[in-house]
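Shown next, in structure tokens, is the structure this report addresses.
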Amino acid sequence: MNENCCCCGNADEDERMENVSKIIEKFRDVKGGLIPVLHDVQQLYGYLPEEALRVISDELDIPMTEIYGVASFYHFFSLEPKGKHIIRVCLGTACYVKGGQTILNRLSQELEVEVGKTTLDGKFTLEATRCLGACGLSPVMTIDDKVYARVTLDDVRRILDEYTKMEG
Numbered sequence: 002m003n004e005n006c007c008c009c010g011n012a013d014e015d016e017r018m019e020n021v022s023k024i025i026e027k028f029r030d031v032k033g034g035l036i037p038v039l040h041d042v043q044q045l046y047g048y049l050p051e052e053a054l055r056v057i058s059d060e061l062d063i064p065m066t067e068i069y070g071v072a073s074f075y076h077f078f079s080l081e082p083k084g085k086h087i088i089r090v091c092l093g094t095a096c097y098v099k100g101g102q103t104i105l106n107r108l109s110q111e112l113e114v115e116v117g118k119t120t121l122d123g124k125f126t127l128e129a130t131r132c133l134g135a136c137g138l139s140p141v142m143t144i145d146d147k148v149y150a151r152v153t154l155d156d157v158r159r160i161l162d163e164y165t166k167m168e169g
């Protein structure tokens with residue numbers, strides 16, 4: 002084993018925080034640069050961790066309240082870690098009428114997770130969305146980039162099993 006190797010995980014964290022500083026530098030003089038900074042930091046971590054937000058606040062001299070305001074206003078930012086797979090269930094009018102809410106409830110029950118949260122094992126994040134643009138195929142859900150059309154309650158377990166089997 003390499004004696005110079007840090008196995009505690011802090012080396013990765015230090016490297017990511019250095020990258021946060023580089024991201025901030027890249028957008029420091031850009032008007033409205035906070036959003037691109039938050040976007041790139043979320044790309045780096047998969048969400049917006051508080052430690053990174055504090056660095057952004059300090060280095061850009063922006064109050065944390067303003068940063069949280071921006072991060073919580075835009076739906077594409079997340080203040081919590083996301084699961085390996087993101088499940089989105091459409092609750093737009095067509096999907097809702099055809100049972101989208103029932104599908105969402107079943108997924109929540111099967112995964113034992115609240116909507117908007119991530120399973121304890123970190124495999125799935127369950128989200129409700131307003132429209133996935135496939136109204137003629139309702140009810141619709143996606144897992145990552147895969148679209149599932151005309152989903153029934155009987156389909157839910159089978160679909161989840163596809164991802165459980167992939168994990169081994």
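Add 1 to a position in the sequence shown, counting from 1, and you land on the number used in our numbering.
Heads up, the beta-carbon is just placed ideally off N, CA and C, and yes, glycines get one too.
Report task. Would you mind sorting P64 into buried or exposed? The rule is 16 or more other CB atoms within 10 Å of its CB. Result -> exposed
Query raised in the report: How long is the line joining the alpha carbons of L105 and E51, rounded to whole angstroms?
Result: 29 Å
Query raised in the report: Would M167 pass as a contact of V152 if the rule is Cβ separation under 8 Å?
Result: no
Query - Three-state secondary structure (DSSP) of K166 - result: helix
**Report entry** Three-state class that DSSP yields for K147 in the structure shown
**Finding:** strand
Query raised in the report: Which partner residues does T126 have in the DSSP bridge list?
Result: I87, T119
Query raised in the report: Roughly how many whole angstroms lie between the Cα atoms of P82 and L154?
Result: 28 Å
Query raised in the report: Which runs of the beta strand (DSSP E), 3 residues or longer, sit entirely within the region 51 to 106?
Result: 86 to 91
Query raised in the report: What whole-angstrom Cβ distance do L108 and L133 have, given they're in contact under 8 Å?
Result: Not a contact, Cβ separation roughly 15 Å.
**Report entry** For D30, the first and last residue of its enclosing alpha helix (DSSP H)
**Finding:** Careful: D30 lies outside any alpha helix (DSSP H) and carries neither H nor E.
Query raised in the report: Near V31, which residues of its chain fall below 8 Å by C-beta distance, leaving aside the five closest residues on each side in sequence?
Result: P37
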